[in-house]
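Residue 1 is where the sequence shown starts when you use full-length UniProt numbering, and the numbers rise one by one after that.
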Amino acid sequence: MTRSPSTPKQSRPKPSRSAVKADATPADAAFDVAAAAYAQAGDMFQLLAPDGSATGAGELPDADTRLRLYREMRRARHFDERGWVLYRQGRLGVFPPFGGMEASQVGTAAALTADDWLFPTYRDTGAALTLGLPIARALAYWRTSPHGWAMPENLKVLPFYIPIATQYPHAVGAALAEKRKGTRNVAMAYIGDGGSSEGDFHEALNFAGALEAPCVFILQNNGWAISVPTRSQTKATNLSKRAEGYGIPGVRVDGNDVLATYHVTREAVERARRGEGPTLIETVTYRVKPHTVADDPSRYRTDADNEGWDAKDPVLRLRTHLMAEGIMTGESEAALLKEVADEFEAALKEADSYPDPEPAEILDHVFAEPTPQLRRQREQILNEQGSSEESA
């Protein structure tokens, strides 16, 4: 994928030497220069500026699509905000918040259909909700309940991956299976900037490129791999260019601009459907929240690191645009927000009604048909459980 013909090529300012501390070590100086270059890089595709105005880089989607994207971002943000409250109440387990990354997740997942595959990381609850994962099922998952382990049969969403980068090769396999079956379905996999340093990332891109797998790789560059900043794990300032080493297109997009993210992802999806192979999309965003609700980012992140990102809020950016264009009014937004809140509370009530899990349920949803080993393990658990109940 290349820059849209109508998109002017922006010049990239040279890193300012003032950004390098006078007393910095050579290694620190190199990191500072890389960080400055990264911050000043002007090669991101963007349709909406942070103030909500159109950049003129390309045609905006129709009004209905813009409203749909706004609603999905509001659903994702509401889940994230309520998740914090539920965690503090002891009604939700430790989960990774994604507030501030809604455009990156919604804009990509919205380009798929229910026939496509989604391979999320642990932080991509927003993407899964956008594709159709029921909120009650997502709540159950983050409660470590078996009711959240199995995905709906009519939805090809994999459980949230905790290991780093393993979902990339899995997505290639699913994409090649669809190709062999003769469908036009694609597989989309997510990863963070830290995951791009894993071997699975490179193996998957090489595998997909060589076999022209209908796969879309989303690389969410949110600036941090837990407590490690991007500048410390790589000198690369444009991770999308890693695609060139595997002979596939790469594109870098403003991950806080949902319209731009949706635009480039839809192009990549359609390219894959036409049998033209995979695409790597780097969505440049920021993890404004902690790594998980149990994390304290103040131990490794400074105010300077966070500076300016509130002004790039993806939800407020699209809201400002919709209001200015007359696509949404205060009254229609209030109705939308009430609908989103009501939907969540109904899902929470459903999740609260799920029965407590039984110990043997930990063996469910491993294989379609239990293996002999799983049957023996289940029998052992039931026997031990029965003995415990008798002794009690």
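Note that the Cβ used here is the ideal one computed from N, Cα and C, for glycine as well.
Span separating the alpha-carbon of residue i from that of residue j
| i | j | result |
| --- | --- | --- |
| residue 112 | residue 82 | 26 angstroms |
| residue 109 | residue 372 | 38 angstroms |
| residue 140 | residue 147 | 6 angstroms |
| residue 301 | residue 227 | 8 angstroms |
| residue 367 | residue 374 | 9 angstroms |
| residue 286 | residue 253 | 13 angstroms |
| residue 237 | residue 43 | 11 angstroms |
| residue 203 | residue 209 | 10 angstroms |
| residue 233 | residue 197 | 8 angstroms |
| residue 341 | residue 354 | 21 angstroms |
| residue 272 | residue 214 | 4 angstroms |
| residue 84 | residue 162 | 20 angstroms |
| residue 296 | residue 179 | 44 angstroms |
| residue 387 | residue 115 | 46 angstroms |
| residue 284 | residue 377 | 45 angstroms |
| residue 323 | residue 97 | 27 angstroms |
| residue 205 | residue 247 | 9 angstroms |
| residue 360 | residue 270 | 43 angstroms |
| residue 241 | residue 195 | 15 angstroms |
| residue 380 | residue 363 | 12 angstroms |
| residue 325 | residue 46 | 18 angstroms |
| residue 207 | residue 169 | 8 angstroms |
| residue 339 | residue 77 | 14 angstroms |
| residue 153 | residue 138 | 15 angstroms |
| residue 94 | residue 278 | 34 angstroms |
Anticipated Cβ contact below 8 angstroms, residue i with residue j, distance rounded
| i | j | result |
| --- | --- | --- |
| residue 250 | residue 211 | The Cβ separation is near 18 angstroms, so there is no contact. |
| residue 221 | residue 314 | Contact flag wrong, Cβ pair sits at about 14 angstroms. |
| residue 350 | residue 136 | 4 angstroms |
| residue 336 | residue 74 | 7 angstroms |
| residue 133 | residue 155 | 7 angstroms |
| residue 50 | residue 317 | 6 angstroms |
| residue 193 | residue 118 | 20 angstroms between Cβ atoms; not a contact. |
| residue 289 | residue 99 | 5 angstroms |
| residue 106 | residue 48 | Not quite, the Cβ-Cβ distance comes to about 14 angstroms (not below 8 angstroms), so this is no contact. |
| residue 174 | residue 187 | 4 angstroms |
| residue 58 | residue 263 | 6 angstroms |
| residue 200 | residue 160 | Residue 200 to residue 160, Cβ: 16 angstroms. No contact. |
Which residues DSSP lists as bridging residue i, in chain order
| i | result |
| --- | --- |
| residue 423 | Past the boundaries of the shown model lies residue 423; the chain is included only from 1 to 392, so the question cannot be answered. |
N-terminal and C-terminal residue of the beta strand (DSSP E) that residue i is part of
| i | result |
| --- | --- |
| residue 281 | 279–284 |
Where the alpha helix (DSSP H) containing residue i begins and where it ends
| i | result |
| --- | --- |
| residue 206 | 199–211 |
| residue 58 | First-last for residue 58: undefined, no H or E at that position. |
| residue 369 | Counting along the chain, residue 369 falls outside any alpha helix (DSSP H), and DSSP gives it neither H nor E. |
| residue 48 | Taken as a continuous stretch (DSSP letters only), residue 48 belongs to no alpha helix (DSSP H), as it is neither H nor E. |
| residue 180 | 167–181 |
| residue 303 | 303–306 |
beta-carbon residue i near the ligand NAP non-hydrogen atom, thresh 7 angstroms
| i | result |
| --- | --- |
| residue 63 | Absence of the ligand NAP is noted for the structure shown, with no ligands found whatsoever. |
Legend entry - Segments assigned alpha helix (DSSP H), at least 4 residues, entirely inside the region 204–269: 230–233
Legend entry - In chain order, each alpha helix (DSSP H) run of at least 4 residues that lies wholly inside the region 77–165: 102–109, 125–131, 135–141
Inset, instruction - Could you pull out every unbroken alpha helix (DSSP H) segment of at least 4 residues lying fully inside the region 314–349, listed in chain order? - result: 314–325
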